[in-house]
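Structure, as structure tokens:
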Amino acid sequence: MTDNTKKTPRTKPRFSATFDPFTISEIQRAAATGIYDIRGAGTKRKLPHFDDLLFLGASISRYPLEGYRERCDTDVVLGTRFAKKPIHLKTPVTIAGMSFGALSAQAKEALGRGASAVGTSTTTGDGGMTPEERGHSSTLVYQYLPSRYGMNPDDLRRADAIEVVVGQGAKPGGGGMLLGQKISSRVARMRDLPEGIDQRSACRHPDWTGPDDLEIKIEELREITAWEKPIYIKVGASRPYYDVSLAVKAGADVVVLDGMQGGTAATQEVFIEHVGLPILSAIRPAVQALQDLGMHRKVQLIVSGGIRSGADMAKALALGADAVAIGTAALIALGDQSPELADEYARLGTVPGAYDDWQDGRDPAGITTQDPELAARLDPILGGRRIANYLSVMTMEAQAIARACGKSHLHNLEPEDLVALTMEAAAMTRIPLAGTEWYPGRQGF
Amino acid sequence: MSNMQEIDLVRCTLREANSQLQGEDATGAWIIRNPQGRHALAVGLNAPIDVVIDGQAGYYAGGMNKHANITIEGNAGPGVAENMMSGSTHVRGNASMAAGATGHGGLLVIDGDAGARCGISMKGIEIVVRGSVGHMSAFMAQSGTLVICGDAGEALGDSLYEAKIFVRGEVRSLGADCEEKDMTADDLAHLRSLLDRAGVSEYPADSFRLYGSARRLYHFHVDNAAAY
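Chains as they are written, first to last, in this note's numbering: chain A, 1 to 445; chain B, 446 to 673.
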């Protein structure tokens, strides 16, 4: 007799590793719309990162400093090479460049308030300097970008430092982008653009090409500002050894190196995910370039792109950076990705932790928007307090690690304090694999 | 000329020269002797003074000028009058690439030819070139006016926003989203005024053609992808 109650076993649905659900949805979206995906934030792929390094801490041969009792300094001076007025920060974590336009005026004010409260700097973006951010930032770095939106000599002189932006980690080789939804009348006026258009700004500076021209451009900026301001050069992590060497040659006081985990207000997904280097792989070549030129600690190195904690900061400093900068993490501290906004994120088709439509201007947290009602949700005073809290925690975390390594200043952290957990991290950082004295490329391997 | 205050770059540094000119309380007329192609001459000026650069200037002469009237009695290197806010710059010779780049205001007059990317990303400056301009001039020009009495090179006005371009001679080719426009009476009056301010009397305004943005690329659409 046949047992008709038994069902034939069925093969379970199996998703392709190549054509995974995200890839399929992206093909479907591209076919339906005819436009590449544009989004905010940074890369979402898994990359070698600071999590792949550990500190060794103290032992019999290295003794620690007492937590809470013995001093561990955190200050940093930026711009000591040529500037008459270098910047002295109390903590080596700064706020990266983000524009008014990309961010609401309230968010910019909050960043200024928070950074000022802990004695660090914030940075303008592609769109000029607003009186609010100047007023609320005790130390403000003024970005000099290819678009030159809002650029003028008065703001240049009002700034505490000037950052010549050559590239950005999220899109090395790409220009600014701000979609029409965020080109409000004020943003349009500041950028001298028609209201509501899709802004796609240039990726190259309009009046210089190459390091020889850049050297002359820097001379002009110094002449206009009486050689007072530190001049930074910001590059996306791409060819860090050569870019840092050329930045030094061009006369930079400070080099900012931004890895591909760095966020953006709006860029093509394909650009964010497929161009540039993870910051972990870029720091050692950058430091090597400075060392080879005898400029390490004379030209300061600021590292950004995926910095989330005091541990990340401490690791970047141990690898040779002088300071770090945060962008995405600061927005999260302000309230981006908050679980309290879950219902509103759901209406936008996303969930807390995955929201990346910063280009759309409908941010329920009031951060990446120019909508007056949404922007008004962000209290800049409270936001400033949250930023100050977060920056303080990062600093204390880094101090805790430094004390455990026996260091009386964060800048005394060094590669010898670290081990790598993976072969990739060991190869990228030239930090020995944990339990060995070896990294790929060493001793002939 | 005898009332001019003189700065001789053989006898002083660039910093000393610029610092004398940059003060908001600077007054009168100045002449910079022996410029010898130095870069960043007379940059960041901030007062309604008259400055003559008595020879050739290097990169960025008159950069970020506010209020001053600068005359270059020779040729100018790249980025002359870049990001000018107001005042004027007059180049008696030729200008290299990116003349008047990103300028927000003021008047730039070039008696000779200008190189590539003249008026790139201009934001309100007015530029009059008696001669011809190189390729990609007025690239991404946002506002202001570029007057070209001679010819224009390839890709004139590529990705243009709201700037206006007047050309008397030949245009090698137009860039993406740039098209010829009908000239209105207001356009003619503005052009006449500019030619007059630039001291150009030999070319009647109605011998020019007007170019502006077609505004087709202001919002991305896949059917325009080939234009990018």
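Every residue, glycine too, gets a C-beta built ideally from N, C-alpha and C.
The beta carbon of Gly644(B) lies closer than 8 Å to those of Val554 in the same chain, with the five residues before and after it left out.
The beta carbon of Met530(B) sits closer than 7 Å to some beta carbon of chain A. For Ala634(B), the closest C-alpha among the options Thr590(B), Leu605(B), Ile565(B) and Leu466(B) is that of Thr590(B). For His136(A), the enclosing alpha helix (DSSP H) has its first and last residue at Pro131 to His136. The criterion of a C-beta distance shorter than 7 Å is not satisfied by Lys217(A) and Trp227(A). Shown here, His664(B) sits in coil according to DSSP, grouped into three states, outside any helix or strand. Using a CB distance cut-off of 7 Å, Met129(A) does not count as an interface residue toward chain B.
Contact between Pro194(A) and Ala188(A) holds, with the beta-carbon distance rounding to 6 Å and staying under 8 Å. For Met509(B), the residues of chain A that pass the 7 Å Cβ criterion are Pro153 and Ile224, in the order they occur in the chain. Taking a beta-carbon distance threshold of 7 Å, Gly564(B) does not count as an interface residue toward chain A. In this chain, the alpha helix (DSSP H) harbouring Phe271(A) covers Glu269 to His274. Contact between Gln143(A) and Gly114(A) does not hold, since their C-beta atoms are separated by about 19 Å, which reaches or exceeds 8 Å. Buried is the label assigned to Cys563(B), since at least 16 other Cβ atoms lie within 10 Å of its Cβ. Excluding five sequence positions before and after Ala427(A), the CB atoms of its chain that fall closer than 7 Å to its own CB belong to Tyr439, Pro440 and Gly441, given in chain order. When rounded, the separation of the alpha-carbon atoms in Asn510(B) and Ala434(A) is 58 Å. Residue pairing for Val165(A): DSSP places it in a beta bridge opposite Lys234(A). Ranked by Cα distance from Gly196(A), the options His535(B), Thr516(B), Arg460(B) and Phe665(B) are led by Phe665(B). Of all alpha-carbon atoms in Lys12(A), Val165(A), Gly135(A) and Pro372(A), the one lying nearest the alpha-carbon of Gly101(A) is that of Pro372(A).
Straight-line measurement puts the Cα of Leu639(B) at about 43 Å from the Cα of Val254(A).
Nearest CB-CB separation between Ile272(A) and chain B: not below the 7 Å threshold. Contacts with chain A (Cβ-Cβ distance below 8 Å) from the stretch 484-506 of chain B involve His484, Ala485, Val488, Gly489, Asn491, Gly503, Tyr504 and Tyr505, listed in chain order. The beta carbon of Ile367(A) sits no closer than 7 Å to any beta carbon of chain B. For chain A, the residues of the stretch 583-610 of chain B that bring a beta carbon within less than 7 Å of one of its beta carbons are Met585, Gln587, Ser588, Tyr606 and Glu607, in chain order. By the criterion of at least three beta-carbon pairs nearer than 8 Å, the stretch 165-174 of chain A is in contact with the stretch 249-269 of chain A. Lys626(B) is a Cβ neighbour of Leu655(B), given a cutoff of 7 Å. When Cβ-Cβ separations below 7 Å define contact, Ile87(A) makes no contact with chain B.
Secondary structure at Ser533(B): strand, using DSSP grouped into helix, strand and coil. Under the Cβ distance rule, Glu219(A) counts among the residues neighbouring chain B, one pair being separated by less than 7 Å.
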